[in-house]
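Working notes, beginning with the structure itself.
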Amino acid sequence: MKTAQRVALVTTLATLLLVAVGVLVRATGSGLGCPDWPTCHGGVVPPGDLGHQPIIEFSHRFVAASVGLLVIATAAYAWRYYRGVPAVLWTAILVVPMVMAQGLLGAITVWRELPPEIVATHLLTAMVILSMEAFVVVGMYRADPERGAAFAGTRWPRGGRVALLSLATFAVLLWIGGYMSESGASTACSGWPLCNGAVVPAADEHEVVHMLHRYIAAAFALPLGWLLLLLWQSRTDRAWATASAILIGGLYLVQVAVGALNVWYDFPDPLTISHTTIAATIWLTLSFSLALSLFYPAVHAQAPSASAVTA
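Numbering (this note's numbering), first residue to last: 6 to 316.
If you want it as structure tokens, here you go:
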């Protein structure tokens, strides 16, 4: 059973790595480094005489294939050890077709030569997969396969609902950010926090997309602040709450700073990669917080009532 837990955790971390490599692909303009799929310039491995872009794109595909195998292994372990915990079992199984769909979406992205809306959807789908994997990890660590786990089910605690609201807002922010970076809107605003000296952007489509990303990032602070407050209030009852609150809040502040630095320094690759990788880490931490608020340790005879739980 410990092996199952470790494989599930490694799968989640490997998926986070996959997101980071995907950002590297986009930042270096390597999305079409392999113009065909699943081969690369007609071969199993990229040719060595075409520069670094085919290698970067191929490395993304290699990590993606590795994640696919890990996802299948996690589902197999869930079937073997966690059939008594349906929430864990079926989430682990559902991740498998989700990863397959993500691979198909990646292929479509290449075939259609990187349309911004598909690139953004590809990123958001990866985030959904990360959330599902985090749910499986927490469920495996907290569940007793023989007795099941105390799972909130439809009786979501308030903290769980606020975490979900934060994730929903962040999902919109991520999609707009992915669209912005691929559509060329990243450089539409030359200053920060103003856009070319104005609070409200001009009618230019790229300026509107860019500032929409900033507005949603500011709005995201509202549900996030609410969640951090709930986590802090529950710190005496939940050992993980303090660390989650500090980590999420700290990452958000760093993310805002990195976003500003990107604009001021014209989006250098290291800052661009850092910006999306930090975003993915925030998403994963929020997902773990949501899962931890829904799964109660199996040592409890039953889950506490929803009114008794704030985060």
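Cβ atoms here follow ideal geometry from the backbone N, Cα and C, with glycine treated the same way. None of the values given here were measured: they were computed from a predicted structure.
Just curious, the alpha helix (DSSP H) that Leu128 is in, first and last residue?
Here the alpha helix (DSSP H) through Leu128 covers Pro121 to Arg147.
query = Out of curiosity, what's the CA-to-CA distance linking Ile181 and Val142?
reply = Their backbone Cα atoms lie some 29 Å apart in a straight line.
So the alpha helix (DSSP H) Asn201 belongs to, where does it begin and stop?
Under the DSSP assignment, Asn201 falls outside any alpha helix (DSSP H); it carries neither an H nor an E label.
Put Phe175 into one of helix, strand or coil per three-state DSSP.
-> In the structure shown, Phe175 sits in a helix (DSSP, three-state: H, G or I).
Q: Throw me the rounded Cβ distance for the Gly254 and Leu276 pair, which I believe falls under 8 Å.
A: No, Gly254 and Leu276 are not in contact; Cβ-Cβ is about 21 Å, not under 8 Å.
Got a sec? Which residues, its chain only, sit under 8 Å from Ile123 by beta carbon, not counting five neighbours each side? Within the same chain, Ile123 has close Cβ partners Leu110, Ile113, Thr114 and Arg117.
Please return the same chain residues whose Cβ sits closer than 6 Å to the Cβ of Ser294, not counting the five positions on each side in sequence.
Within the same chain, Ser294 has close Cβ partners Ala168 and Ser249.
In whole angstroms, what is the alpha-carbon distance linking Leu172 and Leu291?
-> Looking at the two C-alpha atoms, the distance is approximately 7 Å.
* To do: Give a single yes or no on whether Ser136 has its beta carbon closer than 7 Å to a heavy atom of the ligand NAP.
  => Absence of the ligand NAP from the depicted structure is noted, as is the absence of any ligand whatsoever, leaving it without description.
Bridge partners for Gly48 per DSSP, in chain order?
Looking at the DSSP assignment, Gly48 forms a beta bridge with Cys45.
Quick one: measure Cβ to Cβ for Thr174 and Pro228, integer angstroms, because I've assumed they're closer than 8 Å.
With 8 Å as the limit, Thr174 and Pro228 qualify as a contact, their Cβ atoms being about 6 Å apart.
Checklist entry - Do you know offhand how far Ala81's Cα is from Arg66's? => result Rounded to the nearest whole angstrom, the C-alpha separation of Ala81 and Arg66 is 23 Å.
Notebook entry, point to check: Enumerated in chain order, which unbroken segments of the alpha helix (DSSP H) with a length of 4 residues or greater are wholly contained in the stretch 234 to 293?
Noted result: Whole alpha helix (DSSP H) segments, 4+ residues: 244 to 269.
ask   = Are there 16 or more other CB atoms within 10 angstroms of the CB of Trp288, so buried, or fewer, so exposed?
value = Its Cβ being crowded by 16 or more others within 10 Å, Trp288 is buried.
query: With respect to the alpha helix (DSSP H) encompassing Leu217, which residues constitute its N-terminal and C-terminal limits?
result: Glu210 to Ala224 is the span of the alpha helix (DSSP H), which, as asked, contains Leu217.
Within 8 Å, strictly: CB atoms of Thr20 and Val72: Their beta carbons are under 8 Å apart, which means Thr20 touches Val72 by this criterion.
Helix, strand or coil for Tyr301, going by three-state DSSP, please let me know. DSSP, reduced to helix, strand and coil, places Tyr301 within a strand of the structure shown.
Margin query: In whole angstroms, give me the CA-to-CA distance for Ser298 and Arg163.
Written below: Approximately 9 Å between the Cα atoms of the pair.
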